[in-house]
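J.: Could you have a look at this structure, given as structure tokens, before my questions?
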Amino acid sequence: MHEEQVTTDQPRPGPEQSAGGHPRPELIIVDEDHQQDRLENLRRTVDEQEARLEQLIQRERDQQENIAQLQNAVSEQEKRLMAFNRDVEALQEKLDSIRRSEAEPSTNSAKKYDLIFSRLASEKEQENQRNLDQLRAQTARQQDILDQLTVTERERKATLEQLEAEERRMYTVVAELSENARQLSDKEKIQAESWARIENEYKSVVDKLVARELELRGNIDQLAACLERL
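According to UniProt numbering, the sequence shown is numbered sequentially starting from 1.
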């Protein structure tokens, strides 16, 4: 009498699959490490962009302070010009008053006063011209600083846009990592269920083999008893 042999042929998993036909956890871990590297790179980029933004903001503050100083200087020059103009007007009024106070001014006196007035007016005009030149130079400097401030503001806006783009990319990577972690958890659960199912199948086969063995042993015992009676 031959004993029955029960065999269960199971397909061998591929190099990229586990016994349950699912991707190997180490491959998922490698992909997650890659995502982590991407996230770290994005964080470093965001930190660099934030540092750059702080520098631009500081430059903007410095330039605003320079503009305020120049505006104060321009205001002072304007006040001085107004004071000079008032002095010229006062001098003119004084000369006119002197002329009116003289009943019969001589020609020489008139010429003398005209020369004095012309000289004083010329000096004031030269002083006013110097102040005007200084004012124009300061205005030009102020315009240069305004142009630099415009460039800085443009750079700051570009940096902010880059920073926002990097933040959006970082959020995308975080979402991908979360999804990968969720999928990994689901796959681990499926794999555990698959292993449990395979284990149950193996147990069922073993139970059948044990039952068959007991049945065969019973048959053998019966045959032995029959032989003894014969």
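We treat Cβ as the ideally placed atom computed from N, Cα and C, and that holds for glycine.
Whose C-beta lies closer than 8 Å to the C-beta of Glu-167 among residues of the same chain, with five residues either side of it excluded?
T.: For Glu-167, where only same-chain residues beyond five positions count, the Cβ hits under 8 Å are Val-46.
J.: Report the option in Leu-95, Glu-179, Ala-137 and Gln-143 whose CA atom is closest to the CA atom of Leu-120.
T.: Leu-120 has its Cα closest to that of Leu-95, out of Leu-95, Glu-179, Ala-137 and Gln-143.
J.: With 16 other CB atoms within 10 Å as the buried threshold, where does Leu-160 fall?
T.: The residue in question, Leu-160, is exposed, as its Cβ has fewer than 16 Cβ neighbours within 10 Å.
J.: Do Leu-70 and Gln-142 have their beta-carbon atoms positioned less than 8 Å apart in this structure?
T.: Result yes, Cβ atoms of Gln-142 and Leu-70 sit closer than 8 Å.
J.: How do the stretch 197-209 and the stretch 53-68 stand: do at least 3 beta-carbon pairs fall below 8 Å, yes or no?
T.: Contact between the stretch 197-209 and the stretch 53-68 is absent, because fewer than three Cβ pairs lie under 8 Å.
J.: How many whole angstroms separate the CB atoms of Val-174 and Arg-38, which I take to be in contact at a CB cut-off of 8 Å?
T.: 10 Å between Cβ atoms; not a contact.
J.: Could you tell me the alpha carbon to alpha carbon distance between Ala-103 and Glu-125, rounded to whole angstroms?
T.: With a pLDDT of 48 at Ala-103, under the threshold of 50, the modelled position of that residue is not reliable, and the figure given next carries that caveat. Their backbone Cα atoms lie some 31 Å apart in a straight line.
J.: Would you report the Cα separation of Asn-180 and Asn-219, rounded to the nearest angstrom?
T.: Cα to Cα, Asn-180 sits roughly 57 Å from Asn-219.
J.: Is it buried or exposed, Leu-42, if we count other Cβ atoms within 10 angstroms and call 16 or more buried?
T.: Result: buried.
J.: With the cut-off set at 8 Å, would you say Leu-81 and Asn-131 are in Cβ contact?
T.: Result yes, Cβ atoms of Leu-81 and Asn-131 sit closer than 8 Å.
J.: Excluding sequence positions up to five away, which residues of its chain have a Cβ less than 8 Å from the Cβ of Arg-217?
T.: Counting only Cβ-Cβ distances below 8 Å, and skipping sequence neighbours, we find nothing.
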